[in-house]
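Novice:
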Amino acid sequence: MSASDLDRQLALRLEELRKEYGDAVKLERVADVVRALLLSVNHGDVRLYKELESLAAYIQQAKEEIASLQPDELRQEVIASATDELDAIVGATEQATNTIMDMADQLEILRPELPPEVGEKLGEVTTHIYEACSFQDITGQRISKVVGALKHIESKLDALVRAFGPEFERPVASQARPFSAAGAPSDEDLLNGPQLPDKAKKQDEIDALFNSIG
Amino acid sequence: MAVDKNMNVLIVDDYKTMLRIIRNLLRQLGFVNIDEATDGSMALQMLRNGNYGLVISDWNMEPMTGLQLLREVRADAKLKPTPFIMVTAESKSENVIAAKEAGVSNYIVKPFNAETLKAKMVSVLGDF
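In the order they appear, the protein sequences are chains G and D.
Note that the first sequence covers residues 1 to 214 in the working numbering.
Note that the second sequence covers residues 1001 to 1128 in the working numbering.
1) Give the single residue among G:Glu108, G:Tyr49, G:Ala184 and G:Thr99 whose Cα lies nearest to the Cα of Val1025 (chain D).
2) Specify, as a first and last residue, the run of the alpha helix (DSSP H) that Ala96 (chain G) falls within.
3) Which same chain residues, not among the five before or five after Glu205 (chain G), have their C-beta less than 6 Å away from its C-beta?
4) Along the region 48–64 of chain G, what residues have a CB closer than 8 Å to any CB found in chain D?
5) Whole angstroms are fine: how far does the CA of Pro194 (chain G) sit from the CA of Arg142 (chain G)?
6) Can you pull the chain D neighbours of Gln203 (chain G), defined as C-beta to C-beta under 8 Å?
7) Report the partner residues of Tyr1107 (chain D) according to the DSSP bridge assignment.
8) Output, in chain order, the set of chain D residues within a Cβ distance shorter than 7 Å of Gln136 (chain G).
9) Since Met103 (chain G) contacts Tyr130 (chain G) with CB under 8 Å, what's their CB separation in whole angstroms?
10) Please specify which runs of the alpha helix (DSSP H), each continuous and at least 4 residues long, are wholly inside the region 1016–1091 of chain D, giving them in chain order.
11) Starting from Asn1095 (chain D), trace the alpha helix (DSSP H) in both directions and tell me its first and last residue.
12) Got a sec? Which residues, its chain only, sit under 7 Å from Tyr1107 (chain D) by beta carbon, not counting five neighbours each side?
13) Using a C-beta to C-beta distance shorter than 8 Å, which residues of chain D count as neighbours of Phe210 (chain G)?
14) Give me the Cβ distance between Asn1033 (chain D) and Asn1008 (chain D), rounded to the nearest whole Å; I'm assuming they're in contact under 8 Å.
15) What in chain G is Cβ-close to Leu1067 (chain D), meaning under 8 Å?
16) Name the residues in the region 108–131 of chain G whose C-beta lies less than 7 Å from a C-beta of chain D; which are they?
17) Measuring only the C-alpha atoms, how far is Thr99 (chain G) from Thr126 (chain G)?
18) Does any CB atom of chain G fall closer than 8 Å to the CB of Asn1006 (chain D)?
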């Protein structure tokens, strides 16, 4: 078989695999194709044979190196645990925030019973308490961003695990949210969540920008 | 014309804590008729069935975002004049521009304080 015949055969076999399995073709299937083609190579194609052999060895080495990283364990235990911890933080801060606001509400109830100047001061205090409680919304959104990133990594690890073969397969992880196509920014593209403190615009910068737009 | 503090105000946010914070701040400013929605589609339904003098909405909500709600409001002949303040953690320039182009009345970035909320309400509704 000539090199060009081999190229055609390889392309044909890979296309058949793609039709049968889609883009998630297991490494074992690719190895089967390579092996079958190698058997059909005659002695005149020794150079090509050696290149393919080298390619197969490279794939095998990459597979072993990735396996040593224990992607399935990372996915199943480390990332799952991290997302649970972050969810717990959100839940705990929400609960604490509501307790603080319950107490502020109690102080508000007391206001009418107090001398006016004291009641007014108490009103200012409770206003500041309500304002300060908005931290929970911001931290919750920041944590949600981190959880989203972890889930994206989880889905990539899942694809790796599936590529290794049946012995590594586990249930499919959730998919990361797709980014919309290029062009005018869509609503989805614009939703980036809160910026880091040193990058976030202050209200006066927002005002200046807002007022500068016709 | 003086602002009617008995007007219906609709606050929209998927964080119940934030709804409560805004409600309490509005109450301290003297507004008493305050309704809540947890996403844009719920808010839109309430707006179509009610009579609101002000909408204070978060942006990042599902299934309908604050920007989508704003566009629906501005596209509805009856709702179009309703003052609409966006209160969001989204502080990038493109966000402010997109909201302004969609017809937002004013824009508050989280975290905010009562003074900012009042100032933006005054700029939209007039002094109170």
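Heads up, the beta-carbon is just placed ideally off N, CA and C, and yes, glycines get one too.
Specialist: Short version:
1) Walking along the second sequence from the start, residue 1025 (chain D) turns up at place 25. Looking at the sequence shown, residue 1025 (chain D) is not Val but Leu. Cα-wise, what sits closest to Leu1025 (chain D) is G:Glu108.
2) Start at 1 with the first residue of the first sequence, and residue 96 (chain G) comes out as number 96. Per DSSP, Ala96 (chain G) belongs to the alpha helix (DSSP H) from Ala80 to Leu110.
3) Along the first sequence, read from residue 1 onward, the residue named residue 205 (chain G) stands at position 205. For Glu205 (chain G), where only same-chain residues beyond five positions count, there are no Cβ hits under 6 Å.
4) For the region 48–64 of chain G, the beta-carbon criterion of a distance under 8 Å to any beta-carbon of chain D is satisfied by none of its residues.
5) Residue numbering aside, residue 142 (chain G) sits at position 142 when the first sequence is read from its first letter. Residue numbering aside, residue 194 (chain G) sits at position 194 when the first sequence is read from its first letter. Going by the C-alpha atoms only, they are around 7 Å apart.
6) As a working mapping, residue 203 (chain G) is identified with position 203 in the first sequence. Correct list: Ile1108, Val1109, Phe1112 and Thr1116.
7) Within the second sequence, residue 1107 (chain D) is the residue found at index 107, counting from 1. Tyr1107 (chain D) is bridged to D:Met1086.
8) Residue numbering aside, residue 136 (chain G) sits at position 136 when the first sequence is read from its first letter. Simply Thr1017.
9) As a first step, residue 103 (chain G) is located in the first sequence; it is residue number 103 there, counting from the start. As a first step, residue 130 (chain G) is located in the first sequence; it is residue number 130 there, counting from the start. Wrong, their Cβ atoms sit about 11 Å apart, outside the cutoff.
10) 1016–1028, 1040–1049 and 1066–1075
11) To locate residue 1095 (chain D), count along the second sequence from 1; it is residue 95. Where Asn1095 (chain D) is concerned, the enclosing alpha helix (DSSP H) stretches over Ser1093 to Ala1102.
12) Counting from 1 along the second sequence, the entry for residue 1107 (chain D) is found at position 107. Cβ neighbours of Tyr1107 (chain D) beyond the five flanking positions: Met1086, Val1096 and Ala1099.
13) Taking the first sequence and counting its residues from 1, the one referred to as residue 210 (chain G) is at position 210. Within chain D, the residues near Phe210 (chain G) are Val1096, Lys1100, Asn1106 and Tyr1107.
14) Counted from its first residue, the second sequence places residue 1033 (chain D) at position 33. Counted from its first residue, the second sequence places residue 1008 (chain D) at position 8. Rounded, the Cβ-Cβ distance is 5 Å, consistent with contact.
15) Position 67 of the second sequence, counting from 1, holds the residue named residue 1067 (chain D). Ordered by position in chain G, the residues that pass the 8 Å Cβ test against Leu1067 (chain D) are Asp187 and Leu190.
16) Gly123, Thr127, Tyr130 and Glu131
17) Taking the first sequence and counting its residues from 1, one reaches residue 99 (chain G) at position 99. Taking the first sequence and counting its residues from 1, one reaches residue 126 (chain G) at position 126. In this structure, the CA atom of Thr99 (chain G) is about 13 Å from the CA atom of Thr126 (chain G).
18) Working through the second sequence from its first residue, we reach residue 1006 (chain D) at position 6. Cβ-Cβ to chain G under 8 Å: no for Asn1006 (chain D).
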